[in-house]
Amino acid sequence: MFDRRFFTSKLGQASLVSVAAMCAFVALSTQMQVAPAYAATVHAGTVLIA
Numbered sequence: 013m014f015d016r017r018f019f020t021s022k023l024g025q026a027s028l029v030s031v032a033a034m035c036a037f038v039a040l041s042t043q044m045q046v047a048p049a050y051a052a053t054v055h056a057g058t059v060l061i062a
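In my numbering, the protein residues as written are 13 to 62.
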């Protein structure tokens, strides 16, 4: 199904870049874990004036 000729074409190269980008996104998104308590304290200092 996938051979060397496919991966040397523009479509094959674009598919490899797409797969690499998805892997990088998953790897980076798993590193960005913020504790809910910390995220809540960031906005706790704002005061709403009605």
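Heads up, the beta-carbon is just placed ideally off N, CA and C, and yes, glycines get one too. Remember, predicted model here, so these are calculated numbers, not experimental data.
A direct Cα-to-Cα measurement between V38 and F14 gives close to 24 Å.
Straight across, the Cα-Cα distance linking R16 with V31 is about 17 Å. In this structure, the CA atom of T42 is about 21 Å from the CA atom of L28. Between the C-alpha atoms of G24 and A33 there is a straight-line separation of about 14 Å.
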